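Residue numbers (the numbering used here): 58 to 197.
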């Protein structure tokens, strides 16, 4: 009986951050024409934040206030140093004058590019490469 309890408690102790990436991957390759479940117009709203809010809620996490704005995700969870980022951490990047939010997957060996999984990446949910120097915040 004690063994079963230990196994159950171990499973329940798995961090929600991993669940966010696991949840997001279920929507891989979904095009913005298919995201009506987000209740936004993807032609008028950059939907990366809306997608991440949907994923957070499905993973029992509380999105930040005004989650449709990518910059709002700089206040999500707790701050993490970029070099300590783990799969599933929320990453906010700056692309020109705009911000984008996604989930950390990995960084290349030279640490020049970061690979992020999220929505509104070439109009779909997918893994995309960004310059590591564009990272503004990492949150867990």
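Glycine included, C-beta positions come from ideal geometry on N, C-alpha and C.
These numbers come from a predicted model, not from an experiment.
In terms of Cβ geometry, residue 160 and residue 78 form a close pair [threshold 8 Å]. Remark: C-beta atoms of residue 193 and residue 149 approach each other more closely than 8 Å. The beta carbon of residue 133 sits closer than 6 Å to those of 121, 147, 196, all from its chain and outside the five residues before and after it, given in chain order. Linking residue 190 to residue 167 through their CA atoms gives a straight-line distance of about 12 Å.
Non-local beta-carbon contacts of residue 82 in its own chain, meaning distances under 8 Å to residues more than five positions away in sequence, involve 174 in chain order.
Counting every other CB atom within 10 Å of its CB across the protein chains shown gives residue 156 a total of 16 or more, marking it as buried.
With contacts defined by Cβ atoms closer than 8 Å, residue 170 and residue 184 do not form a contacting pair. For residue 192, no alpha helix (DSSP H) encloses it; the enclosing beta strand (DSSP E) starts and ends at 192–196.
Unbroken alpha helix (DSSP H) runs of no fewer than 4 residues, entirely contained in the stretch 100–130, are found at 105–115, following chain order. Residue 182 and residue 85 have their C-alpha atoms roughly 5 Å apart. Taking 8 Å as the cut-off, the beta carbon of residue 104 is found closer than this to the beta carbon of residue 177.
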